[in-house]
Amino acid sequence: MSKMTKIISIITLSTIMVSSLAGCGSKAESAAAGDVVNVSFWTAPQKVQYDYWTTKTEEFNKTNTKVNGKIIKMEIQQMPETPSSEAGIQNALATDSAPAISENINRGFAKTLQAADAIYPLEAETWFQDIVKNRELEKIMPGWEIEGKQYVLPQYVNPMVLQWNTKALKELGVEKAPETIAEFQAVLTKFRANKDKMKAMGVSHVFYRNSLIRPDQWWDRSSDFQNMYLALSGGKPWVEGNKLVLDKELTKETFEFFGSMGDTLLTSEIPNVWAEEKPAVLFTIAAPWEIQALREGGKKYGEDFTYGPMIVKKQGDVAYNFADSKGLVLYKDANITDEIHKGSVEFVKWLYNKENSAQTDLEWLKATKMLPVRGDLATNETFAPYLKEYPELADLAIHVPNAIPSMPHDKMAQIQEALGTQLSAYLKTTMTSTDIKSKDATKYVDDAFAAMKEAGGLE
Amino acid sequence: MKEKIDSLKDKGGILGWLFNLPYIAYSIVFFLIPLIWAIWLSSTDWNLMSNDKNFVGLDNFIKLFDDPRIKAAFMNSFRYLVPIVILTFISGMIIGLLVHNLPNKIKGVTAVLFFIPYLTSGVAVSVVVRYFFSYNSAFNVFLRGKGMSIEWFSDPKLSFAIIVGIVVWKMSGYYALFFLSALESISDDIHDACKIDGAIGMKKFINVTLPMMIPTLTTVVVLLAGLAFGLFTEPYLLTGGGPNLATTTWQLEIYNTSFTNFESGYGAAIAIASAVHIFITIKIVTYAMGKLNKKYGV
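In order, the protein sequence lines correspond to chains A and L.
The numbering of the first sequence is our numbering, which starts it at 1 and goes up by one.
The numbering of the second sequence is our numbering, which starts it at 1001 and goes up by one.
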């Protein structure tokens, strides 16, 4: 082989190697360069949210807000789902490529981030206190505390109340969704007595909840078990610090509430239960994010379905419910300089300042049909016309003040799965029962407590 | 330097090394470094997010022995292995034989038709299967009309069978191509000799065709064993590993531990344990198939 051929071979191979490894090199150029501070913002991996934040960041960029004399430029991208959005953030933190700010963080995951010292505490910041005031969040924020501090700026909340089949209820002679255990049992009795009538209108079961027998879907325990527990207990927490504070007797009552439905509990999967021409059940846990799709499918609120509160022990009890709620957090990471952090704070300040906050939240509501977290949602005139247009949202808004977010524990998944395993095992013993009196759940509750303590390392 | 270059030349030439360099670099970057990193990670309690990384030695590996989820994944890998290997082998062989006996004109098209399931996305198939077995599906409505109300994914045996069924359906056409290729490579002379000796039908298949296919059968069985250990999409989308861990797999546990429970150190330990498990099993399968090859192979 000639010398020239060897040289060409070496150059070719070197070029291939260098170009194939180009992506593995050092990080991209510094985010803060020249007279501009680039601030990365990650949105939820949904188009509707991405579109909303695109508009907001473009509006903000036009204000030419400066930090240390440099113009802040918000840059947005969707959270990578690799394989979940939480894992995407985990991956970003591991590789020092986290965004300066992101939405889509619930209190449970925020606890994991807080334990990793990956997010900023907010409660001592004046700008945060101003936002709390502007959005009247004073009574809501205690529900977001993590070890006595605030790390999340709540953005939206879906109160996970109950969604009732209005036509079927009327057929049973029930005009109003049941609110107490006694009223609920009366409905259950009526359903059993009118099974044929119900079947004729396509209603084969009382309650649909596929995930009740799927402990792996641990996140759903917030919407069923925790939801019902909150209503029966008057809003008591599940875990405090590293202590399991669930009340055993109330946990048993919650298990037995689901068990009381016996063979009228439907756990076979129905992909879109409320989109069916004749929904197969009397009620489900509400899915407020389906409001727009139901409207487009010709379903009328008040005629086809109605939202009712969570079932409480007796009349007059506050119907606490689970808040499917997420918010914004500001990240700490090696790639986030003080300047970039300050830039992200300026963006949040602009979003929710006195002048913009109501408009920001209204635009969010219009774009996503998910209720913004505000103490004045039901009273602020800015929202009144839209809530009038969407009575289903107005009915949900009533429950926002009593909505409590997920447990703040970095082993939330393990704890909820441990409980779900026992709840599922208990329900397997009740799902053929035709008796309204539910089976004793003591053994399963005891096992659940032991399993939760072990899984979460709880006292 | 000159001596070194000369020594390299002696060992096959500098150009050979240079041509291998991209692959060596690729292996170092994408295999060796991640492997060393995973071994290091498995000896820590790091969650990839925290600044705290505590060295825990072999604790994560010791923990594996008491973890019911890992025990289930270990046992399930064998539970999957047996039916998947046997059923895919049989159905692949049947398809291969059917296509082999077709006229040459339609042989190619038919083989491609059987190959299509392999090309379909596991996610898409799982979603369709989920709809098929959902409460309001035509199939279930029909069954309820006959007095049978079945909760498919609540029953450990049925949900397991559904996952096995999907894998067998998806992979049979693919492995049929291996069998078809082996069948086609048997020369016509041998078939003619069989006819002369009176070996036809099953007799010919068992005594002549199968022994001649044993190298291919070995490949198929080893690949299928690897496949059975790598299941993720179907159990993840259909059952989440339940009910009662009946369908969980190594891959599912690695995913849940690392990315849901954020116990990345422990997740790395599971990944290493599963790799060792797969390696040993594949070695045993290869050894058994080698013996078979020696005894019956042609």
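By construction, the Cβ of each residue, glycine as well, lies at the ideal position given by its N, Cα and C atoms.
None of the values given here were measured: they were computed from a predicted structure.
Item to complete: For E86 of chain A, collect the residues of the same chain with a Cβ closer than 7 Å to its Cβ; drop the 5 residues on either side in sequence, then sort them by chain order.
Response: Numbered from 1 along the first sequence, position 86 holds the residue referred to as residue 86 of chain A. Same-chain partners within the cutoff: F109.
Worksheet item: In whole angstroms, what separates the C-alpha of N38 of chain A from that of T360 of chain A?
Response: In the first sequence, the residue the question calls residue 38 of chain A occupies position 38. In the first sequence, the residue the question calls residue 360 of chain A occupies position 360. Those two C-alpha atoms are separated by around 22 Å.
Worksheet item: Going by beta carbon distance, what residues of the same chain come within less than 8 Å of D333 of chain A, once the five residues before and after it are set aside?
Response: Here the question's residue 333 of chain A lines up with position 333 in the first sequence. So the qualifying residues of the chain are A92, L93, D96, S97, A98, A118.
Discussion item. Taking 8 Å as the cut-off, does the stretch 386–400 of chain A touch the stretch 221–228 of chain A (at least 3 CB pairs, one atom from each stretch)?
Written reply: With a cut-off of 8 Å on Cβ pairs, the stretch 221–228 of chain A is not in contact with the stretch 386–400 of chain A, counting fewer than three such pairs.
Practice prompt. Determine, using beta carbons only, whether A287 of chain A comes closer than 8 Å to chain L.
Written response: Here the question's residue 287 of chain A lines up with position 287 in the first sequence. Not an interface residue.
Item to complete: Return the first residue and the last residue of the alpha helix (DSSP H) that L1158 of chain L is part of.
Response: For the purposes of this step, residue 1158 of chain L is taken as residue 158 along the second sequence, with counting starting at 1. Note, L1158 of chain L: alpha helix (DSSP H), 1156–1185.
Discussion item. Between W1017 of chain L and chain A, is any beta-carbon pair separated by less than 8 Å?
Written reply: Against the second sequence, residue 1017 of chain L aligns to sequence position 17. No, its Cβ sits nowhere closer than 8 Å to a Cβ of chain A.
Practice prompt. Starting from the C-beta of T1044 of chain L, find all residues in its chain whose C-beta is less than 7 Å away, skip the five residues before and the five after it, and write them out in chain order.
Written response: Your numbering for residue 1044 of chain L matches position 44 in the second sequence. Leaving aside the five residues that flank T1044 of chain L on each side, the residues in its chain whose CB is nearer than 7 Å to its CB run, in chain order, K1053, N1054, F1055, V1056, G1265.
Discussion item. Here's the rule I'm using: 16 or more other beta-carbon atoms within 10 Å means buried, otherwise exposed. How should I1270 of chain L be labelled?
Written reply: For the purposes of this step, residue 1270 of chain L is identified with residue 270 of the second sequence, where counting begins at 1. Classification of I1270 of chain L: buried, given that the 10 Å Cβ count is 16 or more.
Worksheet item: What do you get for T1239 of chain L, buried or exposed, if any count of 16 or more other CB atoms within 10 angstroms of its CB means buried?
Response: Along the second sequence, one-based indexing puts residue 1239 of chain L at 239. By the beta-carbon neighbour count (other beta carbons within 10 angstroms, threshold 16), T1239 of chain L is buried.
Fill in: Sheet register partners of S102 of chain A (DSSP bridge)
For the purposes of this step, residue 102 of chain A is taken as the residue at position 102 of the first sequence. According to DSSP, which records beta bridges pairwise, S102 of chain A is partnered with A:W42, A:V329.
Worksheet item: Is any heavy atom in the ligand ATP found nearer than 7 Å to the beta carbon of E269 of chain A?
Response: By its list of ligands, the structure shown contains no ligand whatsoever, and the ligand ATP lies outside what it can speak to.
Fill in: Positions along the stretch 1033–1063 of chain L whose CB lies within less than 7 Å of some CB in chain B
Within the model displayed, chain B is absent; protein chains A and L are what it includes.
Worksheet entry | chain A within 8 Å of E1151 of chain L, Cβ atoms only | The residue you call residue 1151 of chain L lines up with position 151 of the second sequence. Yes, E1151 of chain L lies at the interface with chain A (some Cβ there is under 8 Å from its Cβ).
Worksheet item: From A28 of chain A to V36 of chain A, what distance separates their C-alpha atoms?
Response: The residue you call residue 28 of chain A lines up with position 28 of the first sequence. The residue you call residue 36 of chain A lines up with position 36 of the first sequence. Per-residue confidence for A28 of chain A stands at a pLDDT of 38, beneath the threshold of 50, marking its modelled position as unreliable; the derived number appears in the next sentence. Those two C-alpha atoms are separated by around 16 Å.
Discussion item. Please confirm whether L266 of chain A has its beta-carbon closer than 8 Å to some beta-carbon of chain L.
Written reply: Locating residue 266 of chain A in the first sequence gives position 266, counting from the first residue. Under the Cβ criterion of 8 Å, L266 of chain A is counted among the residues facing chain L.
Fill in: Interface flag, P1243 of chain L vs chain A, CB-CB below 8 Å
Numbered from 1 along the second sequence, position 243 holds the residue referred to as residue 1243 of chain L. The beta carbon of P1243 of chain L sits closer than 8 Å to some beta carbon of chain A.
Worksheet item: Quick one, which of A:M228, A:T180, A:I340, A:I291 has its alpha-carbon nearest F322 of chain A's?
Response: The residue given as residue 322 of chain A occupies position 322 in the first sequence. When each option's Cα is compared against that of F322 of chain A, the closest is A:M228.
Practice prompt. Report the neighbours of E463 of chain A on chain L: residues whose CB is nearer than 7 Å to its CB, in chain order.
Written response: Because chain A in this structure spans residues 1 to 459, residue 463 of chain A falls outside the shown range and cannot be described.
Practice prompt. In the DSSP assignment, find the beta strand (DSSP E) that holds G308 of chain A and state where it starts and stops.
Written response: Here residue 308 of chain A corresponds to residue number 308 of the first sequence, with the count starting at 1. 305–308 is the extent of the beta strand (DSSP E) around G308 of chain A.
Fill in: Own chain, CB closer than 8 Å to L396 of chain A, minus 5 neighbours either side, in chain order
Looking up residue 396 of chain A in the first sequence gives position 396. The residues are N158, P159, V161, A286, P288, Y307, L371.
Discussion item. Rounding to the nearest angstrom, what Cα-Cα distance links A231 of chain A and I311 of chain A in this structure?
Written reply: The sequence position of residue 231 of chain A within the first sequence is 231, counting from 1. The sequence position of residue 311 of chain A within the first sequence is 311, counting from 1. Cα to Cα, A231 of chain A sits roughly 6 Å from I311 of chain A.
Practice prompt. Return the chain-ordered list of same chain residues with a C-beta closer than 6 Å to the C-beta of E75 of chain A, the five sequence neighbours on each side being excluded.
Written response: Here residue 75 of chain A refers to the residue found at position 75 when the first sequence is read from its first residue. Excluding residues within five positions, the ones whose Cβ falls inside 6 Å are N38, S40.
Worksheet entry | Boundaries of the alpha helix (DSSP H) in which L153 of chain A is found, first to last residue | If you number the first sequence from 1, residue 153 of chain A lands on position 153. No alpha helix (DSSP H) contains L153 of chain A, which is instead part of the beta strand (DSSP E) from 153–159.
Item to complete: Verify the CB distance criterion: does G1122 of chain L have a CB-CB separation below 8 Å to chain A?
Response: As a first step, residue 1122 of chain L must be located in the second sequence, where it is residue number 122. At a cut-off of 8 Å between beta-carbon atoms, G1122 of chain L makes no contact with chain A.
Item to complete: Taking only the alpha-carbon atoms, compute the straight-line gap between I1033 of chain L and F1262 of chain L and give it to the nearest angstrom.
Response: Numbered from its first residue, the second sequence carries residue 1033 of chain L at position 33. Numbered from its first residue, the second sequence carries residue 1262 of chain L at position 262. Going by the C-alpha atoms only, they are around 22 Å apart.
Worksheet item: Can you tell me whether DSSP reads D1067 of chain L as helix, strand or coil?
Response: Indexing the second sequence from 1 puts residue 1067 of chain L at position 67. In the structure shown, D1067 of chain L falls within a coil segment according to DSSP collapsed to helix, strand and coil.
Worksheet entry | Proximity to T126 of chain A [Cα-Cα], best of A:I404, A:G316, A:V348 | Your numbering for residue 126 of chain A matches position 126 in the first sequence. Selected option, being the one with the closest Cα: A:V348.
Worksheet entry | Same chain, Cβ closer than 6 Å to L1292 of chain L, five either side skipped, listed in chain order | By one-based count along the second sequence, residue 1292 of chain L stands at place 292. So no residue of the chain qualifies.
Worksheet item: Quick one, which of A:A177, A:Y120, A:W238 has its alpha-carbon nearest W164 of chain A's?
Response: Position 164 of the first sequence, counted from the first residue, corresponds to residue 164 of chain A. W164 of chain A has its Cα closest to that of A:A177, out of A:A177, A:Y120, A:W238.
Worksheet item: Using 8 Å as the Cβ pair cut-off and three pairs as the minimum, do the stretch 335–346 of chain A and the stretch 59–73 of chain A touch?
Response: Enough Cβ pairs lie closer than 8 Å, so yes.
Worksheet item: Do you know offhand how far P154 of chain A's Cα is from N104 of chain A's?
Response: The residue given as residue 154 of chain A occupies position 154 in the first sequence. The residue given as residue 104 of chain A occupies position 104 in the first sequence. The alpha-carbon of P154 of chain A is positioned some 10 Å away from that of N104 of chain A.
Worksheet item: Is it right to say L967 of chain L is buried, meaning 16 or more other beta carbons lie within 10 angstroms of its own, or is it exposed?
Response: Because chain L here runs from 1001 to 1298, residue 967 of chain L falls outside it and cannot be looked at.
Discussion item. Taking 8 Å as the threshold (C-beta atoms), are I1166 of chain L and F1133 of chain L in contact?
Written reply: The residue you call residue 1133 of chain L lines up with position 133 of the second sequence. The residue you call residue 1166 of chain L lines up with position 166 of the second sequence. Contact: no.
Discussion item. Once DSSP output is grouped into helix, strand and coil, what is the label at D324 of chain A?
Written reply: Against the first sequence, residue 324 of chain A aligns to sequence position 324. Reduced to three states, the DSSP call for D324 of chain A is strand.
Practice prompt. Could you tell me whether any Cβ in chain A is nearer than 8 Å to the Cβ of N1261 of chain L?
Written response: As a first step, residue 1261 of chain L must be located in the second sequence, where it is residue number 261. Yes, its Cβ sits closer than 8 Å to a Cβ of chain A.
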